[in-house]
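Take a look at the structure set out below.
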């Protein structure tokens, strides 16, 4: 998401079809999470006139915060991954075993905020993200972890000097 190609592809949607960058992001996220993140990137690019390039990222630590096992119907599962609709009941027809794992990931990110009308600005984010991974686990040969949701828990911003071009 944090690259120069992705916001431009989203802004010109329909003209060039899917890009390699877009395909890669879609592989690792649920459709609901992809749509949420893509909307934010597109909004920043088209309405706020900037995008973010991640020049470097270091993962300092990762730890499991919790895990949730549940049984879902096919419709409940599709509603969860496609629309982010939470499951509120336990259905006797549920046949899909589903696991969500929340992982807290601490990162240090060197970012370039590229303003379309001004000079770029370089910053360093020291972040802690809560990343929710999800997968069907009914069949061990078909486990396919994807990002269901991701949000900041902590953030510190440190200015840094420009490097390179």
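Numbering (our numbering), first residue to last: 127 to 291. Think of the CB as a built atom: it goes at the ideal place given N, C-alpha and C, for glycine as much as any other residue. Computed from a predicted structure; not experimentally measured.
Which listed residue (the options) has its alpha carbon closest to that of residue i
| i | options | result |
| --- | --- | --- |
| residue 130 | 237, 252 and 159 | 237 |
| residue 183 | 215, 281, 268 and 251 | 251 |
| residue 274 | 205, 265, 235 and 241 | 205 |
| residue 283 | 248, 215 and 136 | 248 |
| residue 170 | 241, 260 and 246 | 241 |
| residue 234 | 260, 191, 203 and 187 | 187 |
| residue 189 | 269, 276 and 232 | 232 |
Per-residue burial, residue i [other beta carbons within 10 Å of its own, 16 or more giving buried]
| i | result |
| --- | --- |
| residue 224 | buried |
| residue 209 | exposed |
| residue 258 | buried |
| residue 174 | exposed |
| residue 285 | exposed |
| residue 151 | buried |
| residue 260 | buried |
| residue 132 | buried |
Strand pairing of residue i, partner residues [DSSP]
| i | result |
| --- | --- |
| residue 266 | DSSP output for residue 266 lists no bridge partner at all. |
| residue 149 | Partner(s): none; residue 149 has no beta bridge. |
| residue 233 | 185 and 253 |
| residue 222 | 198 |
CB contact flag (residue i, residue j, <8 Å)
| i | j | result |
| --- | --- | --- |
| residue 199 | residue 272 | no |
| residue 230 | residue 185 | no |
| residue 147 | residue 172 | no |
| residue 264 | residue 216 | no |
| residue 226 | residue 194 | yes |
| residue 256 | residue 228 | yes |
| residue 196 | residue 213 | yes |
| Contiguous alpha helix (DSSP H) assignments of at least 4 residues, all confined to the stretch 160-219 | 200-209
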